[in-house]
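Trainee: Before we start, here is the structure in question, set down as structure tokens.
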Amino acid sequence: MKIQTACVVPLLAGVALALEAANLGDKAPALAIAEYIKGKPVDVTDGKNIYVVEFWATWCPPCRTSIPHLTEMQKKFKDKGVVFIGISDEKPDVVKPFVEKMGEKMDYVVAIDKDDKTSEGYMKAFQIDGIPHAFIVDKKGQIVWNGHPMSELEETLQQILDGKFSVAKAKIKAEAQKTLEEFYELAAEGKDEARLKELAAKLEAADKEAGGLLPGGKKFDAAEVRRQARMGFLLNQYAEALIEDKDEAKAAKLGAQIKEVAPADFKLEEFRADMLLRKEFSDYYRLSARGGDADKLAQGAKNISEHQSKNAALLNELAWVLLTDQRLKRRDLPLAMKLAAAANDLSQGTNAAIVDTYARALFDSGKIEEAIVQQKKAIALCEDPANKANLEKTLKTYQEKQPKK
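The following block contains the structure:
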């Protein structure tokens, strides 16, 4: 799962903290709520439930991306005494229509912060200036975890429910993050070998104590983290050379460096092709969202369709945008169908999400019978109960439009 970049919160960014920084294990402050937009009032100090307190905003793209996932988790953990609440500092007349439009996709408690008091007690206290950001409050009323809602939140909740979560180890991981960030930055740029060795020793010690510093409890491997950091940095430089500078010679030099640190199965040519496809699609998307010239859009669609990407996930992503993004003024169904079909072929019809997209393309193209067949296949392939329920709901929509015989 790709982690979305956090949105900076203007009211909190760069503010000198008047309070001593909070720590995991501290008592959770009571929520100060101006108005509940959806759901019943929440008391995180009542000792009755586990609470997930998430800070978000309607203007934040990563927040919007995380909302359906939060809804899925609320459904998954509802019967196990877990309550989710999303808190925004925006005005009610901004949040209400957004929540109403989201409907069942945003199916958890939503509230408005009162004079930023809740934000101060959580975000500011933990020196967090980006959203979305979530905090877990356990039944003892302690803040035991905080982080991006798309990163380890679900796994951590499961560990807490299974009695396998350690606050002490979580604190070690949290305290090691700044050291890990410095290590990653130096490794990416290939700087200061002596400092890298010093940081690696500290991180290896913390890793041993915490039982794994990296996401999913993975062990910290200094050499592997250095390789990944360096490769990521070089790939960004490579993209910049091709897309912004249009400098093939510079890109070729960077490509040689990338091959030195890339794993054996990495194919630079495929990365390049996918990157150029993303750029082509980005240009097309902006033009379509503005209601641009029809001839230019047709040429853009032709350019996209001529790319021979072998990346099923990327093709599926682009097809889904074409099929569902409300900002597009013109919806090119033939292009969406071609991308969705290509993604389905590449994945050999074994990926539920990709088959679901293919079914949507068929349905929107008027091929309802075929769409129903593919949607049933997506349901059969899906192993997640919450996702399966959504797929079944979509199938019902298709069946309701099925011509009567």
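Numbering (the working numbering), first residue to last: 58 to 462. Built from N, CA and C at the ideal position, the CB exists for glycine as well.
Within the same chain, show all residues whose beta-carbon is closer than 7 Å to that of I411, passing over the 5 residues directly before and after it, in chain order.
Mentor: Around I411: A369, N373, A400, N401, S404.
Trainee: Whole-angstrom Cβ separation of V224 and G423, contact assumed at under 8 Å?
Mentor: Incorrect: roughly 56 Å between the Cβ atoms, too far for contact.
Trainee: Could you tell me the distance, in whole angstroms, from the CA atom of E129 to the CA atom of M394?
Mentor: 28 Å
Trainee: With I185 as the anchor, note down where its beta strand (DSSP E) starts and where it stops.
Mentor: Run containing I185: none; DSSP gives neither H nor E here.
Trainee: Whose C-alpha, out of D173, A85, P320, K445, is nearest the C-alpha of E281?
Mentor: P320
Trainee: Taking the alpha carbon of I188 as the point to measure from, which residue in W116, K148, F338 has its own alpha carbon closest?
Mentor: W116
Trainee: Could you tell me the alpha carbon to alpha carbon distance between P398 and L392, rounded to whole angstroms?
Mentor: Note on residue identity: the sequence assigns Ala, not Pro, to residue 398. The straight-line gap from Cα to Cα measures roughly 10 Å.
Trainee: Could you check if L375 is buried or exposed, using at least 16 other CB atoms within 10 Å of its CB as the buried criterion?
Mentor: buried
Trainee: Looking at C-alpha atoms only, which residue of Q459, N80, A428, P460 is the closest neighbour of L448?
Mentor: A428
Trainee: In chain order, what residues of the same chain have a beta carbon less than 7 Å from the beta carbon of Q505, not counting five sequence neighbours either side?
Mentor: In the structure as shown, the chain begins at 58 and stops at 462. Residue 505 is therefore absent and cannot be evaluated.
Trainee: Comparing alpha-carbon positions, which option in Q383, Y108, K367, I169 lies nearest V152?
Mentor: I169
Trainee: Rounded to the nearest angstrom, what separates K135 and D100 at their Cα positions?
Mentor: 16 Å
Trainee: Write down the C-beta distance between Y108 and I144 rounded to the nearest angstrom, noting that I regard them as a contact closer than 8 Å.
Mentor: Y108 to I144, Cβ: 11 Å. No contact.
Trainee: In chain order, what residues of the same chain lie with their CB nearer than 7 Å to the CB of K386, ignoring the 5 residues before and after it?
Mentor: Taken in chain order, the residues that qualify are S345, A346, G348.
Trainee: Assuming A298 and A313 form a contact by the criterion Cβ under 8 Å, report the distance between their Cβ atoms to the nearest whole angstrom.
Mentor: About 12 Å separates the two Cβ atoms, so there is no contact after all.
Trainee: How far does the alpha helix (DSSP H) with F155 in it reach, from first residue to last?
Mentor: 149 to 159
Trainee: What residue does the beta strand (DSSP E) around F134 start on, and which one ends it?
Mentor: Per DSSP, F134 belongs to no beta strand (DSSP E); it is in the alpha helix (DSSP H), 118 to 134.
Trainee: Is R252 buried or exposed, if buried means 16 or more other CB atoms sit within 10 Å of its CB?
Mentor: Counting every other CB atom within 10 Å of its CB across the protein chains shown gives R252 a total below 16, marking it as exposed.
Trainee: Could you give the first and the last residue of the continuous beta strand (DSSP E) run that contains Y241?
Mentor: Here Y241 belongs to no beta strand (DSSP E); instead the alpha helix (DSSP H) covers 224 to 246.
Trainee: Under the DSSP definition of a beta bridge, which residues are partnered with D402?
Mentor: According to DSSP, which records beta bridges pairwise, D402 is partnered with nothing at all.
Trainee: Using a Cβ-Cβ cutoff of less than 6 Å, which residues in the same chain neighbour K316 once the five nearest sequence positions on both sides are dropped?
Mentor: none
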